[in-house]
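Heads up, the thing below is written out as structure tokens.
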Amino acid sequence: MKSLHLTRPHAIMMVGLPGSGKSFFASQFAEMFNAPYIDSLAIESKASDAAAASDLVAMMLAEIIKTGQTFIFEGNSDSRARRTEFARWARDKGYQPMLIWVQADQTTSLGRSLRAKTLTRDQFADAVRKFSPPHPHEKPVVISGRHTYASQAKVVLGRLSKDNRPTESLQTDRPLSGGGRSIMIR
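Written as structure tokens, this is what we have:
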């Protein structure tokens, strides 16, 4: 489809429990708007070790940053400290950070994770324990992991368009009143 042409590029980080729908939304959104999508967990599964995976992710991010294009990143977003670090890094590179928090109840998320065979019950319970929900000051875009992609995308596009509106008001040379005349109503 079309690529996202924004005034300032965005570094979008997906946040949520395993099985909430982060990967589904991210891959659909990236496909629809020709945006690069980095799934660090997929990279980790193919890399020889965690250090190699981290190096590969860093190399990919460095190349994407050169393009100045909005991109989507998924992985290692379960802690507030990591999300803050990502946001700071994105701002330093000239990007507007955006968190998309995909919410789904734990039962739904667990069921999806077990069906996909990505996690065991114990691994899921550990992920839930480690997960730190975004704080309001992080200003996440919240979407439901149980809604359709179309409704999710509408919410995210609404925030992206809001982020790209001019902040200063438009000034005109014309007076606001009717040509300098006063009208009195009695």
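Take the sequence shown: its position 156, counted from the start at 1, is 139 in the numbering used here, and no numbers get skipped. Glycine is no exception: its CB is placed at the ideal position from the N, C-alpha and C atoms.
Quick one: complete alpha helix (DSSP H) runs, 4+ long, within the region -7 to 53?
5 to 16, 23 to 29 and 33 to 50
Rounded to the nearest angstrom, how far is the Cβ of residue 83 from that of residue -5, given a contact under 8 Å?
If you number the sequence shown from 1, residue 83 lands on position 100. If you number the sequence shown from 1, residue -5 lands on position 12. Correct: roughly 6 Å between the Cβ atoms.
Between which two residues does the alpha helix (DSSP H) holding residue 62 run?
Position 79 of the sequence shown, counted from the start, is the residue given in the question as residue 62. Per DSSP, residue 62 belongs to no alpha helix (DSSP H) and is neither H nor E.
Determine contact between the region 126 to 142 and the region 21 to 41, defined as no fewer than three beta-carbon pairs at a distance below 8 Å.
no
What residue from 61, 141, 145 and 69 has the CA that sits closest to residue 113's CA?
The sequence position of residue 113 within the sequence shown is 130, counting from 1. It is 61.
For residue 73, which residues of its own chain have a beta-carbon under 6 Å away from its beta-carbon, when the five flanking residues on both sides are left out?
Position 90 of the sequence shown holds residue 73. For residue 73, where only same-chain residues beyond five positions count, the Cβ hits under 6 Å are -6 and 80.
Who are the near neighbours of residue 6 in its chain, counting only those whose CB is closer than 7 Å to its CB and skipping five residues on each side?
Locating residue 6 in the sequence shown gives position 23, counting from the first residue. If we look at residue 6 and ignore the five residues flanking it on each side, its Cβ neighbours are 22 and 57.
Cβ contact (3+ pairs, closer than 8 Å) linking the region 91 to 100 and the region 137 to 147
no
Since residue 115 is in the beta strand (DSSP E), which residue starts that stretch and which ends it?
Your numbering for residue 115 matches position 132 in the sequence shown. Element bounds for residue 115: n/a, residue is neither H nor E.
Unbroken beta strand (DSSP E) run spanning residue 82, endpoints:
As a first step, residue 82 must be located in the sequence shown, where it is residue number 99. Its beta strand (DSSP E) spans residues 79 to 86.
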